[in-house]
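Residue numbers (our numbering), protein chains in the order written: chain A, 1 to 194; chain B, 1001 to 1194.
We treat Cβ as the ideally placed atom computed from N, Cα and C, and that holds for glycine.
Predicted, not measured: the structure shown is a model, and the values here were computed from it.
Number of protein chains: 2
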Amino acid sequence: MNMSLRERKKQRTRQALIDAAGRLFDEQGYEATTVEQIAAAADVSTRTFFTYFRHKADVLYANSFERIDVGVRVIGSRQPGERPVQLLARAFDEMLAESWEMGLTAGLVGEAFKLPIHSHRASVDRSDTRLERLAAALVSACDIDRLTAYSMVAAAIGAVSGAAAVAMGEGRTDEEVLAETARACRRALAGFDS
Amino acid sequence: MNMSLRERKKQRTRQALIDAAGRLFDEQGYEATTVEQIAAAADVSTRTFFTYFRHKADVLYANSFERIDVGVRVIGSRQPGERPVQLLARAFDEMLAESWEMGLTAGLVGEAFKLPIHSHRASVDRSDTRLERLAAALVSACDIDRLTAYSMVAAAIGAVSGAAAVAMGEGRTDEEVLAETARACRRALAGFDS
DNA sequence: TGTAAATATGCATCGAGTGCAACTAAAGTC
DNA sequence: GACTTTAGTTGCACTCGATGCATATTTACA
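The structure is reproduced here in structure tokens:
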């Protein structure tokens, strides 16, 4: 980890923004918090916020995007003979494990799942979405058609999000939430093991 | 259908907005089209657009929301002994059948699926989302816990959206798209038949 | 130390979305 | 048919997310 001063500063600012956003979202809710407030709390200009995150909502997913990397990596490490369903389930397990480990606040995750997030003006770079990246990885790793791959990943994401939202909404413990999401994921995938 | 003049006018305006939006989205794409343009094309003020649709994106889902009603109704009509998975699959079949019947342009549907839709300022009325409404209906109709219901519905929605997006992206015929989405839906649900 | 490259910031502007108040047209009343 | 009530339309001002551009300010590197 030999970062240049520049690099370190960038990381620090980025983290400051994430922390500030997390704190403010928890305190006032997502909608009630403005980018201006986040930037002020992180001691940078509003304009600078947008050099780190394309959209206000992206700060919520900041770590989520890194989690996707984990999933893509798992998919890339497919064992010979491993079936797509198993592989994808394994990828989700790793991603979910990561999620809790890196101490996302419930507030952050909760908001993230709650939001039917969209994009305002942003011309939505599809290749950057969770679905796209995981499905693409699955297609390259296995002998599977795009349609099936996308359906599988989308079903899994849906199940996981739905389960997590309800479980967290009901105030379950982290362990329970983790267990329930993993279970929902497997159930959603089961039928694709044709 | 004995509507008052007022009611008829409202429907006409609403339809004019939907039509104008569909046309413009097809011609220029979703992002490039402004609400101002849609309103102008429908010959109403910009402000009026927002009395019909809460968000720009809602005009895309205009008919989709009505489809959800169909699904909710199917779920409400559960046959004694019918399992949640069968019931939900039936609901999705009906909703999908409706979709093509009422002549949604591929452009409209395509855009709708493409968008990782979100909400700008709008404090997202959750009880109004597809997921919420279908899951809630399922919980009342069957003896099923919220967590499972939400996971199921979310998985199904994901699978259907994913399959539809890919199938349409590949230029399949309407029949094929319909068949593939129905299949993806069933596969996503299969594992929930515990 | 000076210069090139990367960041940060201010400013102007666009588009979505909301609240409010004034206006217009339809509906119901006498 | 004129009168009032009520629903729906519109303009206006404003907030906030987001982008482009031009200008500082830093850091890197010779």
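Under 7 Å from the C-beta of B:I1157: neighbouring residues of chain A: Near B:I1157 (Cβ distances below 7 Å), the residues of chain A are G158.
Taking 7 Å as the threshold (C-beta atoms), are A:L96 and A:Y52 in contact? Not a contact, by the Cβ cut-off of 7 Å.
So, at 7 Å on beta carbons, what are the nonlocal neighbours of B:F1049 in its own chain, with the 5 sequence-adjacent residues on each side left out? Same-chain partners within the cutoff: L1017, V1035, I1038, A1039.
For B:Y1061, which residues in chain A fall below 7 Å Cβ to Cβ? Contacts between B:Y1061 and chain A, judged by CB atoms closer than 7 Å, are missing: the closest CB pair is about 11 Å apart.
Hey, would you say A:A167 sits closer than 7 Å to A:V160, going by beta carbons? No.
DSSP-derived helix/strand/coil call for B:I1018: Look at B:I1018 here: in three-state DSSP terms it is helix.
Give a yes or no on whether 7 Å exceeds the smallest Cβ distance from B:S1123 to chain A. The predicted model places B:S1123 with a pLDDT of 36, which falls under 50 and marks its position as unreliable, so this point remains unresolved.
Local conformation of B:E1098 per DSSP, three classes: Looking at B:E1098 - three-state DSSP - the assignment turns out to be helix.
Does the beta-carbon distance from A:G162 to B:A1136 come in below 7 Å? No, the pair does not count as a contact, with Cβ atoms beyond the cut-off.
Distance check for A:R67 and A:A42, CA to CA, integer angstroms please. In a straight line, the C-alpha of A:A42 is about 24 Å away from that of A:R67.
I need the straight-line Cα distance from A:D143 to A:T181, nearest angstrom please. Their backbone Cα atoms lie some 27 Å apart in a straight line.
For the alpha helix (DSSP H) that A:T46 lies in, which residues bound it at each end? Counting along the chain, the alpha helix (DSSP H) containing A:T46 begins and ends at 46-52.
Cβ neighbours of A:S45 in the same chain (closer than 7 Å, five flanking residues each side left out): Annotation for A:S45: A39 place their beta carbon closer than 7 Å to its own, counting only its chain and skipping 5 residues before and after.
Determine the direct distance from the alpha carbon of B:G1071 to that of B:E1175, and round the result to whole angstroms. Each residue's Cα considered, the two are about 20 Å apart.
C-alpha distance - B:R1023 paired with B:Y1030, whole-angstrom precision: Between B:R1023 and B:Y1030, the alpha-carbon positions lie close to 10 Å from each other.
What are the residues of the region 164-192 of chain A that lie near chain B, defined by any Cβ-Cβ distance shorter than 8 Å? So the list reads A165, V166, A167, E170, E180, A184, R186, R187, A188, L189, A190, G191, F192, given in the order they occur along the chain.
C-alpha distance - B:T1013 paired with B:A1164, whole-angstrom precision: Put simply, the backbone Cα of B:T1013 is about 30 Å away from that of B:A1164.
Excluding sequence positions up to five away, which residues of its chain have a Cβ less than 6 Å from the Cβ of A:F192? Excluding residues within five positions, the ones whose Cβ falls inside 6 Å are V85, M152.
Is the beta carbon of B:A1091 closer than 7 Å to that of B:V1059? Not closer than 7 Å, so no.
Would B:G1022 count as contacting chain A if we go by Cβ distances under 7 Å? Answer no: the Cβ-Cβ gap between B:G1022 and chain A never drops below 7 Å.
Rounded to the nearest angstrom, how far is the Cβ of B:L1189 from that of B:L1138, given a contact under 8 Å? Actually they are not in contact, since the Cβ atoms of B:L1189 and B:L1138 sit about 11 Å apart, beyond 8 Å.
Looking at the structure shown, is B:F1192 part of a helix, part of a strand, or coil, going by DSSP? DSSP, reduced to helix, strand and coil, places B:F1192 outside both helices and strands of the structure shown, so it counts as coil.
So the candidates are B:K1009, B:S1140, B:S1099; which of them puts its Cα closest to the Cα of B:R1078? Per the Cα distances, B:S1140.
Between B:G1071 and chain A, is any beta-carbon pair separated by less than 7 Å? Interface criterion not met: the Cβ of B:G1071 is under 7 Å from no Cβ in chain A.
Give me the Cα-Cα distance between B:G1110 and A:M3, rounded to the nearest whole angstrom. Bear in mind that a pLDDT of 45 at B:G1110, under 50, signals an unreliable position, so the number given afterwards is only what the model happens to contain. Cα-Cα distance, rounded: 44 Å.
Any chain B beta carbon closer than 7 Å to A:S151: At least one chain B Cβ lies under 7 Å of A:S151.
Straight-line Cα distance separating B:D1019 from A:G76: A:G76 and B:D1019: Cα-Cα distance of roughly 45 Å.
Going along the chain, which residues of its own chain have a beta-carbon closer than 8 Å to the beta-carbon of A:G158, five neighbours each way excluded? Hits under 8 Å: A188.
Identity of the residue in A:R54, A:D93, A:E98 nearest A:S253 by Cα: Chain A is shown from 1 up to 194; residue 253 of chain A falls before or after that span and cannot be answered.
Please tell me whether B:A1154 has its Cβ less than 7 Å away from any Cβ of chain A. Yes, contact with chain A.
7 Å Cβ cutoff met for B:A1149 and B:C1185: Result no, Cβ atoms of B:A1149 and B:C1185 do not sit closer than 7 Å.
Under 8 Å between beta-carbons, which chain A residues line up against B:S1064? List them in chain order, please. What B:S1064 touches in chain A: nothing, since even the nearest Cβ is about 13 Å away.
Limits of the alpha helix (DSSP H) - the one that B:Q1079 falls within: Neither: B:Q1079 is in no alpha helix (DSSP H) and is coded neither H nor E.
Name the residue from A:K10, A:H55, A:G171 whose alpha carbon lies nearest to the alpha carbon of B:L1147. Considering only A:K10, A:H55, A:G171, the residue with the shortest C-alpha distance to B:L1147 is A:G171.
Return the residues of the region 1133-1149 of chain B that lie within a Cβ-Cβ distance of less than 9 Å from chain A, sorted by chain order. From the region 1133-1149 of chain B, only A1135, D1145, R1146, L1147, T1148, A1149 have a Cβ closer than 9 Å to chain A.
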